[in-house]
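*Asks:* Dropping the structure in here first, questions after.
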Amino acid sequence: MMALPIIVAVLLLFVPVPEGLPPYAWHYFAIFVGVIVGLIFEPLPGAVIGITGVVVIALCSQWLLFSPDQMAAPASKWLAPPLSGR
Numbered sequence: 003m004m005a006l007p008i009i010v011a012v013l014l015l016f017v018p019v020p021e022g023l024p025p026y027a028w029h030y031f032a033i034f035v036g037v038i039v040g041l042i043f044e045p046l047p048g049a050v051i052g053i054t055g056v057v058v059i060a061l062c063s064q065w066l067l068f069s070p071d072q073m074a075a076p077a078s079k080w081l082a083p084p085l086s087g088r
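Read left to right, the sequence shown gives residues 3 to 88 (the numbering used here).
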């Protein structure tokens, strides 16, 4: 039961990416579903599961939150909108 959220997230990572969806978005979705499964089955307290999900996304953000084109662009193109609140 403790490893169920991790198993679900890893299984989703191995499922082929749906047509029309970028791979990095599918990876982000897999982690999100893993967190939701963890919150439903509660192998650990909800706060621990939520913080773990945020940390995993933060550590993997280079591959999960931005497309390769966005990462190759100057930082001002993809960093300015989140910082300015637009």
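Ideal Cβ positions, reconstructed from N, Cα and C, are used throughout, including at glycine.
If residue 10 sits next to residue 50, beta carbons under 8 Å apart, how far is it from one beta carbon to the other, in whole angstroms?
*Replies:* The residue you call residue 10 lines up with position 8 of the sequence shown. The residue you call residue 50 lines up with position 48 of the sequence shown. Incorrect: roughly 17 Å between the Cβ atoms, too far for contact.
*Asks:* Leaving out the 5 sequence neighbours to the left and right, which residues in its chain are closer than 6 Å to residue 64 when beta-carbon positions are compared?
*Replies:* Here the question's residue 64 lines up with position 62 in the sequence shown. Cβ within range, chain order: n/a, list empty.
*Asks:* When you compare only the Cα positions, how much space is there between residue 5 and residue 72?
*Replies:* Numbered from 1 along the sequence shown, position 3 holds the residue referred to as residue 5. Numbered from 1 along the sequence shown, position 70 holds the residue referred to as residue 72. Taking the straight line from one Cα to the other gives about 33 Å.
*Asks:* Using the C-alpha atoms, what's the distance from residue 32 back to residue 41?
*Replies:* On the sequence shown, position 39 is the one that residue 41 refers to. On the sequence shown, position 30 is the one that residue 32 refers to. Going from the Cα of residue 41 to the Cα of residue 32 covers about 14 Å.
*Asks:* Could you compute how far the alpha carbon of residue 30 sits from the alpha carbon of residue 3?
*Replies:* Taking the first residue of the sequence shown as position 1, residue 30 is located at position 28. Taking the first residue of the sequence shown as position 1, residue 3 is located at position 1. Near 22 Å, if we compare the C-alpha coordinates of residue 3 and residue 30.
*Asks:* From residue 15 to residue 38, what distance separates their C-alpha atoms?
*Replies:* Numbered from 1 along the sequence shown, position 13 holds the residue referred to as residue 15. Numbered from 1 along the sequence shown, position 36 holds the residue referred to as residue 38. Those two C-alpha atoms are separated by around 15 Å.
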